[in-house]
Each structure stands twice: as structure tokens, then as C-alpha cells.
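Counted the way the UniProt record's numbering counts, the first sequence spans residues 1 to 212. Think of the CB as a built atom: it goes at the ideal place given N, C-alpha and C, for glycine as much as any other residue. Right, one structure below, let's go through it.
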Amino acid sequence: MSDKSPPGLRQNPHRLRDRADKNLEAAIGRSVRRHRKQQRMTVHDLAVKTGLSAGMLSKIENGATSPSLTTLQTLSHALSVPLVSLFEGYAEPRGAMHVRAGEAAEVERSGTRAGHQYNLLGHIGSNGSGVIVEPYLITLSEHSDVFPAFQHDGIELIYMLEGTVDYRHGEELYRLLPGDSLFFDADAPHGPEALIDLPIRYLSAICYPQNG
DNA sequence: TTGGGAGAAATAGAAGGCGT
DNA sequence: ACGCCTTCTATTTCTCCCAA
């Protein structure tokens, strides 16, 4: 097989799929076999019911092949289970980050004011959704500047943990108490305007488009 | 954007292996 | 020996690349 393409620039249809790629097939196979056994059916019984060959069913149950959508639909009908139930047990790896109390990274965000302590609670790259989420624990001390001036792309959620603050969003002013939340378009000027009861701590999750 | 060629993968059916 | 399942081989279908 000739390969004139620079590596990584073109899709290679001849690429052999590695073991990890077979997770989905294996999960489908286990699911089919479990449902078949539950209904006291043999491979032959299921083959008759679906119109598939017993050999094909064997490969499907052993994760040795990727059945077509039509085949999966046929199987779900024959087993009297929802199509999606054949995908039970398959989970793609998802990013997760555990930050213990007191271990959050202290960061500086452009535009933050004196006395505003930002602790980044975790960060994972975009998971393909095209959305970035930044969770912060924010602490305001008596020395904090208090005029609202933040303005950035995306949407922000604030959840009050401690203290009381008058928080401005655009033309509106909201008094936030512990347990209150504020969900708003971050494109409007926003920020704490009056520190009523110190110390003030709140969680802030900022969501914005990856390419925004 | 579309159609054709090439190759990979899915599928069917037969043969073989294994346990009881 | 029989039932159940897997493996092997041939055929069909699907996907990708590339030229027009």
C-alpha cells in the first residue's frame, strides 16, 4: 500500500482499528447477548427471528464487527428492547478535575479589581461542544474595589455562599444573599457594586464559545 | 458537486470445535 | 451424538478518494 499523504493530514481509510476503538462494538455485543439470554433464546433462535445468520450474530456478540444501523434496529425489534438499550455499558471517556478545598489555583483575570480574589476551581478543554466553562470561587474583602466593569462574551452564573452584595447587571441592581443565584448575559456590564456584609464569597461559572 | 473505481468491512452460509 | 457457538470463505455493501 502506497502512502503519499503527509501523516495526519488525510484520513486513512486503510487504518486498522485498535483495541480501544472496539469498546462500542463490545458493549453492543454484551448487551445483545444479555438480552438474548434473558429471553432464553439461542443464537439460532435469534438468527431466525432477525433473519441474520448465526455466524453474524456470533461476531456481533463478541464485538468482532460493527453492525449496521439496519442490523441494530432489527436486533432491537427482535429482542423487544429500545434501540438505545443496545448501547448500555458504553461510556466515552470524559474529562473531570477534582480540586480539594484550599487547593484551587489563584489566578488573575484581566479586568479584575483590587481585593477580588479569584480561585480557578478547575479547567478542562472543550469536549467538542465548542463551549468553554470556567468555574471560580471569588472572595471579596473589605479592601475590594466595588464598581461594576466586567464585560465579556458568554453567559455567567453566580451562586452566593457567604455575605451580602449588591450586584449590578446592566441597568439592574440585585441584592444577593447566601443561597441566591444570578444567571445573566455577560455581554452587559456587570459586577459587585456595594459590599453589604463581609466577607463575601460566591461561585461564578463563566461559559463562552470556544472560538468566541 | 457528482460519479466511478478501489478497497475495507459487513454479511451469509458452511464447516469445525467444544461441552455434555 | 447432539446442541450451541465460533471460524472460515465467498459475496455483497459501504466508504473514501479523486477526477471531471
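If you check the CB distance, I200 and L157 do not come in under 7 Å. Secondary structure at T65: coil, using DSSP grouped into helix, strand and coil. About 11 Å separates the CB atoms of G89 and G63; that is not less than 8 Å, and the two are not in contact. In the structure shown, the three-state DSSP call for T70 is helix. Where L157 is concerned, there is no enclosing alpha helix (DSSP H), although the beta strand (DSSP E) around it starts and stops at 155–169. The criterion of a C-beta distance shorter than 7 Å is not satisfied by A27 and T50. In the DSSP assignment, V99 is bridged to no other residue. In the structure shown, Q117 adopts extended strand secondary structure according to DSSP, grouped into three states.
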